[in-house]
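Numbering (this note's numbering), first residue to last: 9 to 369.
Heads up, the beta-carbon is just placed ideally off N, CA and C, and yes, glycines get one too.
For clarity, every value in this text was computed on a predicted model and none was experimentally measured.
One structure is given here, and the rest of the page talks about it.
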Amino acid sequence: MSSILKVHLRKTVDDSYNIYIGMNFSNAVKHISSLKLGSKYFIITDRTVKKLYGNQLLKLMYENGLNASLLSIPAGESYKNRQTKEWLENQLLNKKAGRDSVIIGLGGGVVGDISGFVAATLHRGVPFIQIPTSLLAQVDSSIGGKVAVDHPKGKNLIGAFYQPRAVYIDPAILNTLPDQEFYNGMAEVIKYAAIMDKNLFAYLEKKSNIILQRDSQSLLKIIKRCCELKRYVVERDEKETGLRRILNFGHTIGHAIELLMKYKISHGQAIAIGMVAETKISASLGLVEPDAVQCLEYMLRLYHLPTFIPSATNLPALFRLTLQDKKSKAGVVHYTLLEEIGKAKVGVALTEKEALTRYKQ
Ligand code: NAD
């Protein structure tokens with residue numbers, strides 16, 4: 009006779025964590041030490057960030073009596089893959105990383121995503137700390153617990169939700185960020201303002217001069233506001249089943265552009281183009297006033313970001329690629345579209361052909 013045994017696993021989980029904005033390395037290390045998360049610390053970084061900040065962080069950890077090591081990977085999206093993850097895991101196990109180990113991701117979104125994924129799977133999960141060093145990572149990728157590596161078939165196809173124990177953000181670190189990387193991060197900042205905060209949008213327009221000079225107070229203000237907005241979204245929808253999709257504004261067409269151009273365009277540039285294209289669709293549907301398109305274009309140009317799909321692009325091929333978007337089902341693509349500057353609507357369903365026609369109007 010067959011039998012059924014129910015395994016009772018209903019649970020209440022508290023994955024809350026703090027984001028410390030404006031905390032320098034020295035204070036961050038003291039704080040990490042006070043958290044007592046483990047007895048061995050492994051800093052994962054990329055080679056560029058290692059030279060600039062990795063050794064400095066390692067030294068501070070030694071000075072605070074922490075047992076720390078540093079592992080570095082080559083910089084760039086092309087290394088956010090399973091081979092690099094395996095290499096990191098081999099290094100960690102060779103260095104006897106046990107369950108008492110803590111992983112610290114020091115770098116941009118690439119390092120944050122891969123080191124978080126390593127932390128999620130090493131010994132079925134060890135504590136993870138984010139120290140984001142690019143603007144994109146400080147305003148977006150270090151918060152919310154999405155960790156992943158890419159696959160030849162697409163970005164972030166293998167990953168997990170794994171929350172950090174703490175995030176330490178020091179905007180002063182952005183002074184060494186190359187201009188183009190700064191502009192890429194600004195594309196995400198503009199996205200937050202466009203979908204959720206018209207006051208932030210106005211601020212970005214009014215203060216573009218000093219923001220582009222990386223004025224510390226302005227950066228602090230922008231980073232704090234974006235972190236607040238991301239917190240608002242992920243607290244309500246951790247696993248992207250609803251509201252979190254609002255963050256995909258510009259990304260449906262943006263990802264298709266990245267795919268079509270075989271990642272020879274930066275993510276920030278692709279989503280800048282994607283935001284304008286999707287707002288044209290929104291205007292054609294009558295969801296937003298047409299002048300929103302001009303407002304967005306003006307803002308993106310202020311921050312040295314492109315605003316139009318390159319003229320040689322095969323548009324039908326581009327819109328076909330939007331079907332590969334995670335949110336598309338049965339030939340229908342679910343867009344996040346602007347309703348006004350500061351407000352967006354999630355889940356606007358359009359076929360590839362409808363979207364293309366609307367875009368051209
Ligand atoms: P990145 O990590 O490649 O960093 C960009 C470049 O800047 C790298 O060459 C890096 O070495 C360099 N760099 C970083 N900090 C620096 C500093 N302070 N000074 C000098 N150089 C510095 O790219 P990114 O734009 O930070 O992140 C992009 C990644 O983030 C993508 O893989 C994307 O999928 C991911 N992402 C994840 C989420 C999420 O929620 N997990 C959200 C958005 C993006």
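**Report entry** Entirely enclosed alpha helix (DSSP H) segments - the segment 239-282, minimum 4 residues
**Finding:** Those alpha helix (DSSP H) runs which fall completely within the segment 239-282 and span 4+ residues are 259-268.
Query - N-terminal and C-terminal residue of the alpha helix (DSSP H) that T53 is part of - result: In the sequence shown, counting from the first residue as 1, residue 53 sits at position 45. Boundaries for T53: no alpha helix (DSSP H) harbours it, while the beta strand (DSSP E) harbouring it runs K48 to D54, taken from the DSSP string.
Requested in this report: Just the C-alpha distance for N322 and V241, rounded to the nearest angstrom, thanks.
Outcome: Counting from one through the sequence shown, the residue named residue 322 turns up at place 314. Counting from one through the sequence shown, the residue named residue 241 turns up at place 233. C-alpha separation (whole angstroms): 35 Å.
**Report entry** Closest residue to V296 among N26, M194 and K353 (Cα-Cα distance)
**Finding:** Position 288 of the sequence shown, counted from the start, is the residue given in the question as residue 296. Cα-wise, what sits closest to V296 is K353.
Query raised in the report: Does the distance from the C-beta atom of G124 to that of G116 stay below 8 Å?
Result: Position 116 of the sequence shown, counted from the first residue, corresponds to residue 124. Position 108 of the sequence shown, counted from the first residue, corresponds to residue 116. Not closer than 8 Å, so no.
Query - Any 3 or more C-beta pairs closer than 8 Å across the segment 267-276 and the segment 185-197 - result: By the criterion of at least three beta-carbon pairs nearer than 8 Å, the segment 267-276 is in contact with the segment 185-197.
Query - Cβ neighbours of Y170 in the same chain (closer than 6 Å, five flanking residues each side left out) - result: Translated into the one-based positions of the sequence shown, residue 170 becomes position 162. For Y170, where only same-chain residues beyond five positions count, the Cβ hits under 6 Å are G124, A128, G153 and V155.
Requested in this report: Answer yes or no: the CB of N164 versus the heavy atoms of ligand 1, is any distance below 7 Å?
Outcome: Within the sequence shown, the letter at position 156 stands for residue 164. Checking the Cβ of N164 against ligand 1 gives yes.
Query raised in the report: So P140 packs on G120, CB below 8 Å; how close in whole Å?
Result: For the purposes of this step, residue 140 is taken as residue 132 along the sequence shown, with counting starting at 1. For the purposes of this step, residue 120 is taken as residue 112 along the sequence shown, with counting starting at 1. Indeed they touch by this definition, with Cβ atoms about 6 Å apart.
Report task. Starting from Q369, trace the beta strand (DSSP E) both ways and give me its first and last residue. Result -> Numbered from its first residue, the sequence shown carries residue 369 at position 361. Membership of Q369 in any beta strand (DSSP E) is not indicated, and neither H nor E is assigned to it by DSSP.
Query raised in the report: Quick one: what's got a C-beta closer than 6 Å to L165's C-beta in the same chain, skipping five residues either side?
Result: The sequence position of residue 165 within the sequence shown is 157, counting from 1. The residues are H159.
Query - Contact test: A83 Cβ vs ligand 1 heavy atom, cutoff 7 Å - result: In the sequence shown, residue 83 corresponds to position 75, counting from 1. Taking the Cβ of A83 as the reference point, at least one heavy atom of ligand 1 falls within a distance shorter than 7 Å.
Query raised in the report: Comparing the CB of I181 with every heavy atom of ligand 1, is any distance shorter than 7 Å?
Result: As a first step, residue 181 must be located in the sequence shown, where it is residue number 173. Yes.
Query raised in the report: Which residues share a DSSP beta bridge with I181?
Result: Working through the sequence shown from its first residue, we reach residue 181 at position 173. Per DSSP, none; premise fails for I181.
Report task. For the segment 22-82, list the alpha helix (DSSP H) runs that are entirely contained and at least 4 residues long, ordered along the chain. Result -> The segment 22-82 contains these whole alpha helix (DSSP H) runs: 33-43 and 63-71.
**Report entry** Beta-carbon proximity check, I52 vs V126, cutoff 8 Å
**Finding:** Reading the sequence shown from its first residue, position 44 is the one you call residue 52. Reading the sequence shown from its first residue, position 118 is the one you call residue 126. For I52 and V126, yes; Cβs fall inside 8 Å.
Query raised in the report: Thinking C-alpha only, which one of L304, L228, K335 and Q369 is nearest V283?
Result: For the purposes of this step, residue 283 is taken as residue 275 along the sequence shown, with counting starting at 1. Here residue 283 is Met; the residue named in the question, Val, does not match the sequence. Nearest option by C-alpha distance: L304.
Report task. With DSSP as the reference, please indicate the residues paired to F136 in a beta bridge. Result -> If you number the sequence shown from 1, residue 136 lands on position 128. DSSP lists I111 as partners of F136.
Query raised in the report: Measuring CB to CB, does L346 end up less than 8 Å from A300?
Result: Numbered from its first residue, the sequence shown carries residue 346 at position 338. Numbered from its first residue, the sequence shown carries residue 300 at position 292. Cβ atoms of L346 and A300: closer than 8 Å.
Query raised in the report: Residues bridged to T359 by DSSP?
Result: Translated into the one-based positions of the sequence shown, residue 359 becomes position 351. Per DSSP, V340.
Report task. Within the same chain, show all residues whose beta-carbon is closer than 7 Å to that of A105, passing over the 5 residues directly before and after it, in chain order. Result -> Indexing the sequence shown from 1 puts residue 105 at position 97. Same-chain partners within the cutoff: K48, F50 and L130.
Query raised in the report: Is the Cβ-Cβ distance between V110 and I137 less than 8 Å?
Result: In the sequence shown, residue 110 corresponds to position 102, counting from 1. In the sequence shown, residue 137 corresponds to position 129, counting from 1. Yes, the Cβ-Cβ distance between V110 and I137 is below 8 Å.
Query raised in the report: Alpha carbon to alpha carbon, how far is T359 from D178?
Result: Within the sequence shown, numbered from 1, the residue matching residue 359 stands at position 351. Within the sequence shown, numbered from 1, the residue matching residue 178 stands at position 170. Each residue's alpha carbon lies about 43 Å from the other.
Query raised in the report: Between the C-alpha atoms of A291 and D333, what's the straight-line distance to the nearest angstrom?
Result: Here residue 291 refers to the residue found at position 283 of the sequence shown. Here residue 333 refers to the residue found at position 325 of the sequence shown. Going from the Cα of A291 to the Cα of D333 covers about 22 Å.
Query raised in the report: How many angstroms separate the CA atom of I218 from the CA atom of Y211?
Result: Taking the first residue of the sequence shown as position 1, residue 218 is located at position 210. Taking the first residue of the sequence shown as position 1, residue 211 is located at position 203. Linking I218 to Y211 through their CA atoms gives a straight-line distance of about 11 Å.
Query raised in the report: With 16 other CB atoms within 10 Å as the buried threshold, where does A338 fall?
Result: Here residue 338 is taken as the residue at index 330 of the sequence shown, counted from 1. With fewer than 16 Cβ atoms within 10 Å of its Cβ, A338 is classed as exposed.
Query raised in the report: Contact check, T335 vs R253 under 8 Å by CB: the rounded distance?
Result: On the sequence shown, position 327 is the one that residue 335 refers to. On the sequence shown, position 245 is the one that residue 253 refers to. First, the amino acid is wrong: residue 335 is Lys here, not Thr. 6 Å between Cβ atoms; contact.
**Report entry** Nearest residue (CA-CA) to A201, options E246, L220, L255 and V21
**Finding:** Your numbering for residue 201 matches position 193 in the sequence shown. For the residues E246, L220, L255 and V21, the minimum Cα distance to A201 belongs to L255.
Query - Beta-carbon separation (whole angstroms), E286 vs I265, contact threshold 8 Å - result: The residue labelled residue 286 in the question sits at position 278 within the sequence shown. The residue labelled residue 265 in the question sits at position 257 within the sequence shown. Taking the Cβ atoms as the reference, E286 lies roughly 11 Å from I265, outside the contact range of under 8 Å.
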